[in-house]
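Student:
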Amino acid sequence: MSSRTMLLPLALATATMFVPGVALACRCGEFTPAGAYRQADAVVVGRVVGVEGDFLVKGGGVAILSVGKAWKKRVPRRLRVSSRTTCAVAFKRGESYVIYLKAAAGRAAFSTTRCAGTRPLAEAETVMQWLRRNGAGAEVAE
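The opening residue of the sequence shown carries number 24 in the working numbering; numbering runs sequentially from there.
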């Protein structure tokens with residue numbers, strides 16, 4: 024094999040690192056409801072009533088939620104949650120989610136990612152069972 028043939032894959036791999044818009048795959052560790060709950064500052068079930076920005080670009084986006092249920096920490100009924108990085112949650116207006124929150128500064132009081140365990144409510148039956156049995160319910164403030 025010539026050195027030119029060996030260098031081609033390396034050159035292509037290096038070039039893609041500098042091409043705008045090339046996304047890296049999100050890689051999360053193993054998810055368990057107990058582990059995600061332990062790592063979160065608060066957990067909520069909320070419906071997305073608004074979206075600002077684009078979750079699929081570098082700066083990310085902000086979801087405005089109407090919170091229906093909370094665990095671990097008192098949260099307001101209307102909540103702003105940011106999500107960015109390659110593991111951003113692409114929140115959709117009108118959809119409901121189980122959201123594992125981390126305190127944040129900036130555009131929103133909290134942030135989340137797919138790796139935190141956040142998922143559409145329709146895909147969260149096991150998580151909801153765990154939260155009902157083990158989670159410490161918290162107030163949703165008006």
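Note that beta-carbon positions come from the ideal geometry of N, C-alpha and C, so glycine has one too. In this text, all values refer to a predicted model and were calculated from it rather than measured experimentally.
For the beta strand (DSSP E) containing R70, name the first residue and the last one.
Tutor: Position 47 of the sequence shown, counted from the start, is the residue given in the question as residue 70. A65 to G76 is the extent of the beta strand (DSSP E) around R70.
Student: Under the three-state reduction of DSSP, which class applies to S105: helix, strand or coil?
Tutor: The residue labelled residue 105 in the question sits at position 82 within the sequence shown. Reduced to three states, the DSSP call for S105 is strand.
Student: What residue range is occupied by the uninterrupted beta strand (DSSP E) comprising A126?
Tutor: For this step, residue 126 is matched to residue 103 along the sequence shown. S119 to A126 is the span of the beta strand (DSSP E), which, as asked, contains A126.
Student: Less than 7 Å between the beta carbons of A86 and V71, yes or no?
Tutor: Locating residue 86 in the sequence shown gives position 63, counting from the first residue. Locating residue 71 in the sequence shown gives position 48, counting from the first residue. Going by C-beta atoms, A86 is nearer than 7 Å to V71.
Student: Should T141 go down as buried or exposed, given a rule of 16 or more other Cβ atoms within 10 Å for buried?
Tutor: Stepping through the sequence shown from its first residue, residue 141 is reached at position 118. By the neighbour-count rule (16 or more Cβ atoms within 10 Å), T141 is buried.
Student: From what residue to what residue does the beta strand (DSSP E) around G84 run?
Tutor: As a first step, residue 84 is located in the sequence shown; it is residue number 61 there, counting from the start. G84 to W94 is the extent of the beta strand (DSSP E) around G84.
Student: At a cut of 8 Å, does the region 103–119 reach the region 52–64 through at least three beta carbon pairs?
Tutor: These segments do not touch.
Student: Tell me which same chain residues have a C-beta within less than 6 Å of the C-beta of R100, skipping the five on either side of it?
Tutor: Here residue 100 refers to the residue found at position 77 when the sequence shown is read from its first residue. Excluding five sequence positions before and after R100, the CB atoms of its chain that fall closer than 6 Å to its own CB belong to V90, V163 and E165, given in chain order.
Student: Does the Cβ of M151 lie closer than 6 Å to at least one heavy atom of the ligand NAD?
Tutor: Because no ligand of any kind appears in the structure shown, any question about the ligand NAD cannot be addressed here.
Student: Closer than 7 Å by C-beta to A147: which residues in its own chain qualify, once you throw out the five before and the five after it? Chain order, please.
Tutor: Against the sequence shown, residue 147 aligns to sequence position 124. Excluding residues within five positions, the ones whose Cβ falls inside 7 Å are V121.
Student: Could you tell me which residues DSSP pairs with G129 in its beta bridges?
Tutor: Along the sequence shown, one-based indexing puts residue 129 at 106. DSSP lists no partner for G129.
Student: I'd like to check one pair, A93 with A161: are the Cβ atoms closer than 7 Å?
Tutor: The sequence position of residue 161 within the sequence shown is 138, counting from 1. The sequence position of residue 93 within the sequence shown is 70, counting from 1. Yes, the Cβ-Cβ distance between A161 and A93 is below 7 Å.
Student: Could you pull the start and end residues of the alpha helix (DSSP H) that L144 belongs to?
Tutor: On the sequence shown, residue 144 is found 121 positions in, with the first residue counted as 1. From DSSP, L144 is part of no alpha helix (DSSP H); its letter is neither H nor E.
Student: Quick one: residues in its chain with C-beta nearer than 7 Å to the C-beta of T136, no 5 flanking neighbours on either side, listed in chain order?
Tutor: For this step, residue 136 is matched to residue 113 along the sequence shown. The beta carbon of T136 lies closer than 7 Å to those of S106, T108, C110, A111 and V112 in the same chain, with the five residues before and after it left out.
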